[in-house]
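Engineer: First residue of the sequence shown: -19, per our numbering; consecutive thereafter.
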Amino acid sequence: MSSQKGNMSRSRPQKYKNKTAFKNNLHDTSGRTKFINSLQVSNVCVRCRDIIEWKIKYKKYKPLTQPRKCVKCDQKTVKQAYHVMCVECGNRLGVCTKCCQSKEVIKTAPNEQEQVKMDNEMKALLESLPKGKDEHSLDI
Ligand SMILES: [Zn+2]
Ligand SMILES: [Zn+2]
């Protein structure tokens, strides 16, 4: 059985394609990723927020393992990575806690109400579920 199929002479040897698919979970725990994704960037200017959010998005964000020294009050009060100033100093001086420039900074709105609302919704959802249905299948 002779077949001429695929008898094309290649000028170049086929290169082994090393696909570099972006993976961020190589040495990362899902808990940490979750934590980073849930971070709310605040007390910084729009520009700095964008930079930090970019880092979060592309998994370049490295959270602080311990509080960092604030450049203003010299206390170890900086709890967020990439910020150089603590929130208190930032508020007092009216500056961005990352680039230290007096720009309009982003404040996180107190979302306590939001939380309560979600809790109530969750409760309602749980109550609406049919009760007495035991789905445990461990009765061997
Ligand atoms: Zn400070
Ligand atoms: Zn800034």
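Glycine included, C-beta positions come from ideal geometry on N, C-alpha and C.
Determine, using beta carbons only, whether Gln95 and Cys25 come nearer to each other than 9 Å.
Structural biologist: Locating residue 95 in the sequence shown gives position 115, counting from the first residue. Locating residue 25 in the sequence shown gives position 45, counting from the first residue. No, they are not a contact pair.
Engineer: Report the partner residues of Cys25 according to the DSSP bridge assignment.
Structural biologist: The sequence position of residue 25 within the sequence shown is 45, counting from 1. DSSP, once it has assigned bridges, lists Val85 as partnering Cys25.
Engineer: Counting C-beta neighbours from all protein chains within 10 Å, is the total for Tyr38 16 or more, i.e. buried, or is it exposed?
Structural biologist: In the sequence shown, counting from the first residue as 1, residue 38 sits at position 58. It is exposed - the Cβ of Tyr38 has fewer than 16 other Cβ atoms within 10 Å.
Engineer: Can you give the beta carbon distance from Lys78 to Tyr62, rounded, assuming they're within the 8 Å contact cut?
Structural biologist: Locating residue 78 in the sequence shown gives position 98, counting from the first residue. Locating residue 62 in the sequence shown gives position 82, counting from the first residue. The Cβ separation is near 6 Å, so the contact holds.
Engineer: Based on Cα-Cα distance, which residue from Lys56, Lys35 and Lys52 lies nearest to Gln45?
Structural biologist: Walking along the sequence shown from the start, residue 45 turns up at place 65. According to the sequence as given, residue 45 is Thr; it is not Gln. Among Lys56, Lys35 and Lys52, the Cα nearest to that of Thr45 belongs to Lys56.
Engineer: Measuring only the C-alpha atoms, how far is Lys97 from Val21?
Structural biologist: The residue labelled residue 97 in the question sits at position 117 within the sequence shown. The residue labelled residue 21 in the question sits at position 41 within the sequence shown. Taking the straight line from one Cα to the other gives about 23 Å.
Engineer: Report yes if the C-beta of Thr88 is less than 8 Å from at least one heavy atom of ligand 1; otherwise report no.
Structural biologist: Here the question's residue 88 lines up with position 108 in the sequence shown. No, since every heavy atom of ligand 1 falls outside the 8 Å radius drawn around the Cβ of Thr88.
Engineer: May I have the straight-line CA-CA distance separating Gly74 from Cys66, to the nearest angstrom?
Structural biologist: Taking the first residue of the sequence shown as 1, we reach residue 74 at position 94. Taking the first residue of the sequence shown as 1, we reach residue 66 at position 86. If I take the Cα positions, the gap works out to 12 Å.
Engineer: Thinking just about the alpha-carbon of each residue, which of Cys50, Val85, Met102 and Cys53 is nearest to the one in Asp30?
Structural biologist: As a working mapping, residue 30 is identified with position 50 in the sequence shown. Closest by alpha carbon: Val85.
Engineer: Considering only heavy atoms of ligand 4, list every residue whose Cβ is less than 7 Å from one of them, following chain order.
Structural biologist: Ligand 4 is not part of this structure, which contains only ligand 1 and ligand 2.
Engineer: Considering only the alpha carbon of each residue, which of Leu105, Leu106 and Glu33 lies closest to Gln60?
Structural biologist: Taking the first residue of the sequence shown as 1, we reach residue 60 at position 80. Cα-wise, what sits closest to Gln60 is Glu33.
Engineer: Which residues mark the beginning and the end of the alpha helix (DSSP H) in which Arg12 is found?
Structural biologist: Indexing the sequence shown from 1 puts residue 12 at position 32. Note, Arg12: alpha helix (DSSP H), Ser10 to Asn17.
Engineer: Quick one: using the 10 Å Cβ neighbour count with 16 as the cut-off for buried, is Asn17 buried or exposed?
Structural biologist: By one-based count along the sequence shown, residue 17 stands at place 37. That one is exposed.
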